[in-house]
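In the working numbering, the protein residues as written are 206 to 367.
All residues carry an ideal CB built from backbone N, CA and C; glycine is no exception.
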Amino acid sequence: MNRRGFGRPLAIVFTAVLISGCTQPETGPVYPTGLDPKTPAKDLKGISPSSTQAACCWMAKRNRLNLQIPPTANSIVLTIEVPTGIYKNVGQGASIQVGGGSTQHQALHLGSQDVIVPLPVAVRGTKVQIAITLDESFVPAKLGMNNDTTEYSAFLRSVAFS
């Protein structure tokens, strides 16, 4: 365990997820459910696509999604999973801002949860930037897990509107 409370037990699980994703037949990148895989990478900054749904999709500490908001949407629902082996002694939270409006901070618990963010009426039916900033992140190489120097924070499993 290092000084930030991150544990090494996830090293095997994390490596297995990355390896299992690499051993699947290539059918194109997999994005979180609800996101169109044809969305240009420039509109999904910080999201790491995978080759399998099970390994999808790591977020960086700072993420920017440029999404078309349905005209009837009242909220965006983000399913975020906080990995238990990495963050077992560290709190995780997310700050979410839609279209440059006010920022909503949400405490996240270990495991999967739906984060519901109300949408301002002005953004309905438009393309807007959704900024998601996580409180904590890790780099596998710094934890001795592998040589990956990518910064990860949590999984974004799905994006939906209600």
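Can you tell me which of the options puts its alpha carbon nearest to the alpha carbon of residue i?
| i | options | result |
| --- | --- | --- |
| Glu286 | Gly304, Ala260, Ser317 and Gln297 | Ser317 |
| Tyr357 | Gly296, Lys247, Ala365 and Pro345 | Pro345 |
| Ile281 | Arg267, Ala246, Leu240 and Pro245 | Leu240 |
| Ala246 | Glu341, Thr257, Lys266 and Leu272 | Leu272 |
| Ser255 | Asp248, Thr331 and Pro242 | Pro242 |
| Leu270 | Asp248, Cys261 and Pro323 | Asp248 |
| Ser307 | Gly296, Asp319, Leu324 and Lys250 | Leu324 |
| Val326 | Ala265, Asn279 and Gln309 | Asn279 |
Taking 9 Å as the threshold (C-beta atoms), are residue j and residue i in contact?
| i | j | result |
| --- | --- | --- |
| Ile274 | Val235 | no |
| Ile337 | Ile291 | no |
| Pro237 | Val333 | no |
| Leu339 | Asn294 | no |
| Leu283 | Ala299 | yes |
| Leu315 | Thr289 | yes |
| Glu341 | Gln311 | no |
How far does the beta strand (DSSP E) with residue i in it extend, from its first residue to its last?
| i | result |
| --- | --- |
| Met264 | Trp263 to Gln273 |
| Asp340 | No beta strand (DSSP E) contains Asp340, which DSSP labels as neither H nor E. |
| Gly298 | Gln297 to Val303 |
| His310 | Thr308 to Leu313 |
| Ile321 | Gly316 to Pro323 |
| Arg362 | Phe360 to Phe366 |
| Lys250 | Leu249 to Ser253 |
| Leu348 | That residue, Leu348, is in no beta strand (DSSP E); it is neither H nor E in DSSP. |
| Glu356 | That residue, Glu356, is in no beta strand (DSSP E); it is neither H nor E in DSSP. |
| Ser280 | Ser280 to Val287 |
Please tell me whether, using a cut-off of 8 Å, the distance from the CB of residue i to the nearest non-hydrogen atom of the ligand SAH is below it.
| i | result |
| --- | --- |
| Asp248 | Of the ligands one can find in the structure shown there are none, so the ligand SAH has no counterpart to examine. |
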